[in-house]
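Protein chains in written order, with this note's numbering: chain A, 40 to 440; chain B, 116 to 412; chain C, 2 to 286. First up is the structure itself, then whatever we jot down about it.
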Amino acid sequence: MLVAVACSPISGDGDAADPADWDGVVSNSRGQQLNLFMWGGSSEINRFVDNVYGPRLEAEFGIHLNRIPVADTVDAVNKVLSEIQAGRRRGGAVDLIWINGENFQTLRQADALLADWSRRLPNARFVDWDAPEVGLDFGLPVAGFESPLGSAQFQFVYDSARFGPEELPRSYAGLLQWVEMHPGRFTYPAPPDFHGNRFIKQAFYELTGGFERWLGGFDSAGYAESSPALWDYLQELEPHLWRKGTSYPPSLAELNRLFANGEIDFTFTQLPAGIEADVAAGILPATSRPFVFDTGTIGDSHYLAIPANAAHPEAAMVMANLVLEPELQAAKLAPANGWGDGLGISLSLLDDDSRRRIEAVLDDLGELALEPALLESVRLPEVAAEYTVALERDWQQYVRR
Amino acid sequence: MFAASRSGLDQVAEPSRVWIRLLPALMVVVPVFVVAVALALAQSLGLLPLVGDSRLSLDAYRNLFSGGELWRSLAFTSYLSLGSTALALGLGVVIALAFRHLFSGSRFGAFMLQLNLPVPHLVGALAMVLLLGQSGLLARVAGSVGLIDGPAAFPALIFDPGGLAIIAEYVWKEVPFFALIALAALGSVADDFEGVAATLGAGRWRRFRHVTLPLLAPVLLPAAVVVFAFTFGTFEVPLLLGGSFPEAMPVLAYRKFTNIDLAARPEALAIGIVMLAIITLAALIYLRLGRRFAGRQ
Amino acid sequence: MIPRAVKTDSPGFGHRHSERRRRRSTAALAGVVLTLLILPLGVLALFSVTRAYFYPQLAPDDWNLRAWRLLLHPGSEVWGAMATTVFVGLAVVAVALVLAVPAGRALGRHSFRAKRLVEFLLLAPLLAPPLVVAMGLDFAFLRLQLTNRLWGVVLVHLVPTVPYAVLVMSGVFANYDQASEDQARTLGAGRLDAFRYVTLPAIAPGLVVAGVLVLIVSWSQYILTLLIGGGQVVTLPILLFATSSGGDTALTSALALITIAPVLALLLLTSRHVSRMPAAQIGLP
Numbered sequence: 040m041l042v043a044v045a046c047s048p049i050s051g052d053g054d055a056a057d058p059a060d061w062d063g064v065v066s067n068s069r070g071q072q073l074n075l076f077m078w079g080g081s082s083e084i085n086r087f088v089d090n091v092y093g094p095r096l097e098a099e100f101g102i103h104l105n106r107i108p109v110a111d112t113v114d115a116v117n118k119v120l121s122e123i124q125a126g127r128r129r130g131g132a133v134d135l136i137w138i139n140g141e142n143f144q145t146l147r148q149a150d151a152l153l154a155d156w157s158r159r160l161p162n163a164r165f166v167d168w169d170a171p172e173v174g175l176d177f178g179l180p181v182a183g184f185e186s187p188l189g190s191a192q193f194q195f196v197y198d199s200a201r202f203g204p205e206e207l208p209r210s211y212a213g214l215l216q217w218v219e220m221h222p223g224r225f226t227y228p229a230p231p232d233f234h235g236n237r238f239i240k241q242a243f244y245e246l247t248g249g250f251e252r253w254l255g256g257f258d259s260a261g262y263a264e265s266s267p268a269l270w271d272y273l274q275e276l277e278p279h280l281w282r283k284g285t286s287y288p289p290s291l292a293e294l295n296r297l298f299a300n301g302e303i304d305f306t307f308t309q310l311p312a313g314i315e316a317d318v319a320a321g322i323l324p325a326t327s328r329p330f331v332f333d334t335g336t337i338g339d340s341h342y343l344a345i346p347a348n349a350a351h352p353e354a355a356m357v358m359a360n361l362v363l364e365p366e367l368q369a370a371k372l373a374p375a376n377g378w379g380d381g382l383g384i385s386l387s388l389l390d391d392d393s394r395r396r397i398e399a400v401l402d403d404l405g406e407l408a409l410e411p412a413l414l415e416s417v418r419l420p421e422v423a424a425e426y427t428v429a430l431e432r433d434w435q436q437y438v439r440r
Numbered sequence: 116m117f118a119a120s121r122s123g124l125d126q127v128a129e130p131s132r133v134w135i136r137l138l139p140a141l142m143v144v145v146p147v148f149v150v151a152v153a154l155a156l157a158q159s160l161g162l163l164p165l166v167g168d169s170r171l172s173l174d175a176y177r178n179l180f181s182g183g184e185l186w187r188s189l190a191f192t193s194y195l196s197l198g199s200t201a202l203a204l205g206l207g208v209v210i211a212l213a214f215r216h217l218f219s220g221s222r223f224g225a226f227m228l229q230l231n232l233p234v235p236h237l238v239g240a241l242a243m244v245l246l247l248g249q250s251g252l253l254a255r256v257a258g259s260v261g262l263i264d265g266p267a268a269f270p271a272l273i274f275d276p277g278g279l280a281i282i283a284e285y286v287w288k289e290v291p292f293f294a295l296i297a298l299a300a301l302g303s304v305a306d307d308f309e310g311v312a313a314t315l316g317a318g319r320w321r322r323f324r325h326v327t328l329p330l331l332a333p334v335l336l337p338a339a340v341v342v343f344a345f346t347f348g349t350f351e352v353p354l355l356l357g358g359s360f361p362e363a364m365p366v367l368a369y370r371k372f373t374n375i376d377l378a379a380r381p382e383a384l385a386i387g388i389v390m391l392a393i394i395t396l397a398a399l400i401y402l403r404l405g406r407r408f409a410g411r412q
Numbered sequence: 002m003i004p005r006a007v008k009t010d011s012p013g014f015g016h017r018h019s020e021r022r023r024r025r026s027t028a029a030l031a032g033v034v035l036t037l038l039i040l041p042l043g044v045l046a047l048f049s050v051t052r053a054y055f056y057p058q059l060a061p062d063d064w065n066l067r068a069w070r071l072l073l074h075p076g077s078e079v080w081g082a083m084a085t086t087v088f089v090g091l092a093v094v095a096v097a098l099v100l101a102v103p104a105g106r107a108l109g110r111h112s113f114r115a116k117r118l119v120e121f122l123l124l125a126p127l128l129a130p131p132l133v134v135a136m137g138l139d140f141a142f143l144r145l146q147l148t149n150r151l152w153g154v155v156l157v158h159l160v161p162t163v164p165y166a167v168l169v170m171s172g173v174f175a176n177y178d179q180a181s182e183d184q185a186r187t188l189g190a191g192r193l194d195a196f197r198y199v200t201l202p203a204i205a206p207g208l209v210v211a212g213v214l215v216l217i218v219s220w221s222q223y224i225l226t227l228l229i230g231g232g233q234v235v236t237l238p239i240l241l242f243a244t245s246s247g248g249d250t251a252l253t254s255a256l257a258l259i260t261i262a263p264v265l266a267l268l269l270l271t272s273r274h275v276s277r278m279p280a281a282q283i284g285l286p
């Protein structure tokens, strides 16, 4: 809260958008067009947003949801930043962004986000703000600047038609041995792709003695001292990678394509409820299965944030509140609805009915998902976004060349 | 490049009327274009920044040219553009020479060559991934007839440092462009001249060298400049088909332009200015060459 | 050496024989060229009707219309993008033609001082990379707060399209017979009437060609639309790019075909005019 008070942001329409006066927010939002900027690469997620949130907003609140697909979230962030830098303090084009991590940090540092609203939404009571995986976004306090949408956890994916579970690597050390035995059969997306960043950050944790050291602020001396171990490892990995590491796929979509066509043996996913939607869409083979390293994989939350210069902050709040409805969280979790995203709310804060409904979805997850308890047991936290920026930059220097 | 009037220029050309006719087009295109270039130049020189103070400096250029990244990118982009322009030009001429008799009189040939006219490069690039990728359709055909035993055995055409799929896409799109232009230039005139040359006992190569080529060169050269400029500046194709290294100049520029660090923007614009400079250079070389051709005829 | 096919009055038998053989081999070449030209579109068509179509399948295991069904569904975002693309395209065509007809007339029919400079100014944008234009203008558009981004997109689409339109129209006017217009004027027709009843019908085929070219160029723009439209002006190429980043091959392929279908159809409908134009003016790089 301290942060929220300390930085008073450039306000778009400050007094109108006070979530404490929720009825006022709802009535102001009526008739607004809500420009939601979100990564538009998954047709399943797009359809979920259009077909589940869109009609509810329209029917119950008279809000017209205008989902704007971006090829990368950074496009939306850039847009907000350049608008504000160009002096456009209100009436901005972006009302709501699907965001986390370094993108959140960038907008926070530029003082470009609406402050002190998310914890005062009516449905904020379902959110466990004290849990670090919710209250901290890459180590940075969420502190009223963004509201959770869901959660994710990094997982590897293999093809059960090609390997048995006992043949899989279970750590980064094991992965090095595995690629030596299977040359050309593994690669990862080139940072700054989100999944590529995450893959190397997990390696960074494991090779530097665990994540605990890196919690808290950015330790630049420690990073400089420890990170060479990571570059040594990745360089050792490189000759055994797909195309001997002369090229890396640019995105997860490309990694999926290589995997599905048998060019490589693993791909990644972020969906706690599994890869059912991707299998149904024919992006991944039906025999694909997720797995994780014993040494852990990173889990985190993703959020909705409102730019300080948003033209329609009220409509944005209404949507951020709506997506926290337990019933809609359950729908988003169920892979059959096309998404399979993790929860943004906490089961322990729900009433019995809602909890049972969500537990039923979790019990129903098949072999295309991992046990929630297993995922929970290996979950690693994110650390300060500066590490992502540093790792991204140094990867360009030490690995890509 | 503008067609000269066949029926002779108008006798009475009231200057004021001419300018009134030109003004609307000039007033729209020139300001937008000039403002774009001027702003790109200004921002590359550290003026009008999105963050920090406006200060005239050559820092962006200095940073770019001192690192190896820009030079490698420049070499790679030039190679892609020159290579695909030359290939497309050669193939286009061959096709035009072969087609002019087959389709003489009918418009079918020209129509055929226009089929991929409305296909954006973006679509062409997406198709190349599915066609030329190591698990693409060609690889599957090769696999099914036993030529390769898996995707890895198929040549790496996409995401490769040689940019072969990028060149393939450009050639696919530009060959018809050159062929159409060559076909039009050949027309029936070439037949007559070549006929005369043949009667005079000129061999095939001599006829091509001294009759056909001089007819083609004046129209194909400007076309080649246009294609060079276009392929040099296209963003979608190298983005979708290029490897992680080296990066084509437009991709590098865009990555810096959308860098989360707004301070990288001057460098993005500086790359844009370098691209403009190279394209201008190509146009100037063409003008020199064009004058030489004009002198000879 | 096979004698060249010169049109002679009485070709001998041997000549006719070699002529036939040569014709057959050029026809074969034409077949190969045609196949190569449409092959990439065929590949898109094939992938668009499959699901889980992975290596080493040559014939798909799962023929599937899922992608088409999703995209052509009444609630699909394709329709909005199609409407936006059509709107931008038609607006660009209208403005570009209004600008290009007088300019083409001036350049095609008149010689005047500074003609080369004007030509240069009108053609230079043809050579400039759209990315550079867009990056430069981004700042100005933000400052000017061009709130209606749709018109901003129309405006920047004029940069690469007007040169083509002027190029075509100057060619049209170079071959245009001024006499009938003068005659009409002598017979008392007003300037507007003369334009409407004499000039316009005479240049109509040229207008169609210029319009088609301009529409095609506008329809194909990605980076200009992305940066100037700020992501909010979702045309078909913008939607296609975002879709392709998801890696759903069938969906991307089907959307790619939907993106080109309207312009391809337009080209087929107007091919009569387009093919008749001097070919040097109907190429697009």
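Beta carbons: idealized from backbone N, C-alpha and C, even for Gly. Quantities reported herein were computed from a predicted structural model and do not represent experimental measurements.
- With 16 or more neighbouring CB atoms inside 10 Å of its own CB, M170 of chain C falls in the buried class.
- The alpha-carbon separation between T200 of chain C and E182 of chain C amounts to approximately 7 Å.
- For H158 of chain C, the uninterrupted alpha helix (DSSP H) segment begins and ends at 150–175.
- Under DSSP, V196 of chain A takes part in a beta bridge, and its partners are A:T306, A:P329.
- When DSSP states are grouped into helix, strand and coil, G248 of chain B belongs to the coil group.
- Annotation: L256 of chain C to L72 of chain C spans about 7 Å, alpha carbon to alpha carbon.
- CA-to-CA, the gap between R237 of chain A and W220 of chain C works out to about 37 Å.
- Put simply, of A:F330, A:I314, A:V331, A:F332 the residue whose alpha carbon is nearest the alpha carbon of P324 of chain A is A:I314.
- Distance between V133 of chain B and E120 of chain C, taken at the CA atoms: about 13 Å.
- For N139 of chain A, the secondary structure class from DSSP, reduced to helix, strand or coil, is coil.
- When the Cα atoms are used, R282 of chain A and G223 of chain A turn out to be separated by approximately 6 Å.
- Comparing alpha carbon positions, the residue from C:R23, C:L40, C:S26, C:L30 closest to G239 of chain B is C:L40.
- Taken atom to atom, the span from the alpha-carbon of V94 of chain C to that of V215 of chain C is near 6 Å.
- E122 of chain A belongs to the set of residues whose beta carbon lies under 9 Å from a beta carbon in chain C.
- Looking from the CA of P161 of chain C, the closest CA among C:T244, C:S112, C:A211, C:A185 belongs to C:A211.
- For P204 of chain A, no alpha helix (DSSP H) run applies, since DSSP gives it neither H nor E.
- The shortest CA-to-CA distance from F180 of chain B to any of B:V256, B:G251, B:A383 is the one to B:A383.
- Within chain C, not a single residue places a beta-carbon under 7 Å from that of D304 of chain A; the smallest gap is close to 13 Å.
- Under the Cβ distance rule, T349 of chain B does not count among the residues neighbouring chain A, no pair being separated by less than 9 Å.
- Not one beta carbon of chain B lies nearer than 9 Å to the beta carbon of N236 of chain A.
- With fewer than 16 neighbouring CB atoms inside 10 Å of its own CB, P267 of chain A falls in the exposed class.
- Residues of the same chain with a CB within less than 6 Å of the CB of V362 of chain A, apart from the 5 flanking positions on each side, are L188 in chain order.
- Annotation note: the segment 94–174 of chain A contains the following uninterrupted beta strand (DSSP E) runs of length 3 or greater, listed N- to C-terminal: 103–109, 135–138.
- For R158 of chain A, the CB contacts under 7 Å within the same chain, skipping 5 residues up- and downstream, are W168, G183 in chain order.
- Considered as a whole, the segment 216–295 of chain A harbours 233–246, 259–276 as its complete alpha helix (DSSP H) runs of no fewer than 4 residues, in chain order.
- Looking at the DSSP output, H341 of chain A sits in a beta bridge with A:G189.
- Remark: C-beta atoms of G358 of chain B and T285 of chain A approach each other more closely than 9 Å.
- The beta carbons of E431 of chain A and I337 of chain A sit about 15 Å from each other, so the pair does not count as a contact at 8 Å.
- Under DSSP, A349 of chain A takes part in a beta bridge, and its partners are A:G131.
- Minimum Cα-Cα distance from P61 of chain C among the listed residues B:V256, B:L163, B:F148 corresponds to B:V256.
- For S246 of chain C, the C-beta contacts it makes with chain A under 8 Å involve W78, G79, G80, A110, D111, S290, A292, in order along the chain.
- Going by DSSP, N85 of chain A is part of the alpha helix (DSSP H) stretching over 82–87.
- Secondary structure note for Q72 of chain A: its beta strand (DSSP E) is the uninterrupted segment 72–78.
- Listed in chain order, the alpha helix (DSSP H) runs fully inside the segment 171–257 of chain B are 174–181, 183–217, 223–228, 236–247, counting runs of at least 4 residues.
- Not a single CB atom of chain B sits nearer than 9 Å to the CB of L96 of chain A.
- By the neighbour-count criterion, in which a residue is buried when 16 or more other Cβ atoms sit within 10 angstroms of its Cβ, R328 of chain A is buried.
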